[in-house]
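Same order as they appear, the protein sequences are chains A and B. Counting from 1, one number per residue, gives the positions in the first sequence under UniProt numbering. Counting from 1, one number per residue, gives the positions in the second sequence under UniProt numbering. Cβ atoms here follow ideal geometry from the backbone N, Cα and C, with glycine treated the same way. First the structure, in the form of structure tokens, and then the observations on it.
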Amino acid sequence: MLQKIYDWIDDRIDITPIWRDIADHEVPEHVNPAHHFSAFVYCFGGLTFFVVVIQILSGMFLTMYYVPDIENAWQSVYYLQTEVAHAQIVRGMHHWGASVVIVMLLLHTLRVFFQGAYKKPRELNWMVGVLIFFVMLGLGFTGYLLPWDNKAYFATQVGLEIAEQVPFIGEALKTLLAGDATIVGAQTLTRFFAIHVFFLPGALFALLAIHFILIRRQGISGPL
Amino acid sequence: MSDEKRQVSRRQFLNYTLTGVGGFMAAGLLISPVRMAIDPVLKHDEGGDFANVGLEVSEITSDPQRVDWSVDQVDGWYESEVSRSAWVYRNDNDEIVAFSPVCKHLGCVVSWEGSDDYPDQYYCPCHDGRYYKDGVNVPGTPPLQPLDVYEQEERDGMLFLGNIRPHEEA
């Protein structure tokens, strides 16, 4: 049945070559843990991506209940935590995944660093990777405020004051992030929400696409 | 025996295994989000309480009169007071009937004798829908069903109204 549907589509628009390009490629022996167990270190990039997928999915579902408004944000989170079946698990996935993604990203970075895989011709991909790291930190920072509890509020207060320390543009940068020169409040929350669910994920998808296209173009780096 | 063994190729075996494991992981990942998303559908209504509408039962006559009251509504994390209204009268069998004023055509609000042209009828101003005194829709006007009725109760001589339910066909 599935084969028939696939054939029907393939017959018309010839998707097999596209599929081959994406999925069909050799895995060199030195990155295959079946040959050398130590090759598991090559998994961290893929694991980072896997956790990112979990973050996107759980985040999408959380916005079904969450309201980015200072009157209702905490209430809506409390409601989904206490009244909605399985919502606690979904928020748990998003909460813990946020930390796991940073851990995986760091392990991936360490592997690339210590294997020297960032060297010519892969410098560009290293730079893209560093940008992805910053986007992830931004996602963590903006997401932390959204539950609008005390911890979130004061963490953001501190984060904004750190941003204010930037020479020359510090104050403007803080106002740009918070939406107000002095208040961390209604405008800050909506801004952080917009950044968290639209701007940064958009940037992340673009960077991930470049990251993956570059890997496919340049191939995985050789054995040590 | 060895012939049968060759019927599953290495590629097929890997395909099945990977699809199975992948499907298992995807299902494990999606089960909680999906359950969370469909929660409103599976939540059953506890049934609203009866509310005192501030009308003494002895004051109810055979002339429909409008009563307005408010109920506390819990909408997820948002609680508010919402207003309700009903048209109440005593029918020929001396039973109290409370109609919901929501027109069964497209949900506008009907009033008793709302139009001078149609005395002794409920009238909806949106599309000239009309109902007889017993709540049954006048044939040939837009509504296709009679007005809904409130569940009702008498406590200490006062009228209490509860959930809205469909009119039992007259």
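Interface residues of chain A facing arginine 35 of chain B [CB-CB closer than 8 Å]: What arginine 35 of chain B touches in chain A: Ala85, His86.
Rounded straight-line distance, which links the Cα of valine 67 of chain B to that of tryptophan 87 of chain B: For tryptophan 87 of chain B and valine 67 of chain B, the distance between alpha carbons rounds to 6 Å.
8 Å Cβ cutoff, leucine 29 of chain B in contact with chain A: True, the Cβ-Cβ gap to chain A drops below 8 Å.
Buried versus exposed, by CB contacts within 10 Å (16 or more), cysteine 126 of chain B: Label assigned to cysteine 126 of chain B: exposed.
Own chain residues within Cβ distance below 8 Å of isoleucine 96 of chain B, not counting five before or after: The answer, listed in chain order, is Val57, Ile60, Val88, Tyr89, Arg90, Gln152, Glu154, Leu159.
Between the CA atoms of glutamate 81 of chain B and valine 113 of chain B - distance to the nearest angstrom: Per the sequence shown, the amino acid found at residue 113 of chain B is glutamate instead of valine. Computed Cα separation, rounded: 29 Å.
Rounded straight-line distance, which links the Cα of valine 71 of chain B to that of glutamine 165 of chain A: If you take the alpha carbons of glutamine 165 of chain A and valine 71 of chain B, they lie about 52 Å apart.
Residue nearest to proline 142 of chain B in terms of C-alpha spacing, selected from B/Leu161, B/Gly107, B/Asp148, B/Glu168: Ranking B/Leu161, B/Gly107, B/Asp148, B/Glu168 by Cα distance to proline 142 of chain B puts B/Gly107 first.
Presumed contact (8 Å Cβ cut-off) between residue 225 of chain A and proline 68 of chain A, rounded CB distance: No answer is possible for residue 225 of chain A: it lies beyond the span of chain A, which begins at 1 and ends at 224.
Residues near residue 301 of chain A in its chain [Cβ-Cβ closer than 7 Å; skip 5 each side]: The structure shown does not extend to residue 301 of chain A, since chain A is modelled only from 1 through 224, so no value can be given for it.
Buried or exposed by the 16-neighbour rule on C-beta atoms within 10 Å, applied to methionine 1 of chain B: Any reading at methionine 1 of chain B must be qualified, since the residue scores a pLDDT of 49, below 50, and its modelled position is unreliable; no value is offered.
Isoleucine 164 of chain B vs serine 100 of chain B beta-carbon contact at 8 Å: Taking C-beta atoms as the reference points, isoleucine 164 of chain B and serine 100 of chain B count as a pair closer than 8 Å.
The segment 7-26 of chain B touching the segment 59-77 of chain A, judged by at least three CB pairs closer than 8 Å: Segment contact: the segment 7-26 of chain B against the segment 59-77 of chain A, fewer than three CB-CB distances shorter than 8 Å; contact not assigned.
Asparagine 150 of chain A (DSSP reduced to helix, strand or coil): In this structure, asparagine 150 of chain A counts as helix in the three-state DSSP scheme.
CA-to-CA distance, aspartate 49 of chain B to glycine 157 of chain B, given in whole angstroms: Spanning the two alpha carbons is a distance of roughly 18 Å.
Presumed contact (8 Å Cβ cut-off) between tryptophan 126 of chain A and valine 112 of chain A, rounded CB distance: Correct: roughly 7 Å between the Cβ atoms.
Spatial distance of serine 62 of chain B from proline 40 of chain B (CA atoms): So the two alpha carbons sit approximately 41 Å from each other.
Check whether leucine 144 of chain B and alanine 51 of chain B have beta carbons under 8 Å apart: 8 Å or more divides the Cβ of leucine 144 of chain B from the Cβ of alanine 51 of chain B.
Host alpha helix (DSSP H) of leucine 144 of chain B (start-end): In the DSSP annotation of this structure, leucine 144 of chain B is not part of any alpha helix (DSSP H), being labelled neither H nor E.
8 Å Cβ cutoff, leucine 47 of chain A in contact with chain B: Not closer than 8 Å to any Cβ of chain B, the Cβ of leucine 47 of chain A fails to qualify, so no.
Where glycine 219 of chain A falls, given that 16 or more other Cβ within 10 Å makes a residue buried: With fewer than 16 other Cβ atoms within 10 Å, it is exposed.
Proximal residues to isoleucine 5 of chain A (C-beta, below 7 Å), its chain only, five neighbours per side dropped: Nothing meets the Cβ criterion.
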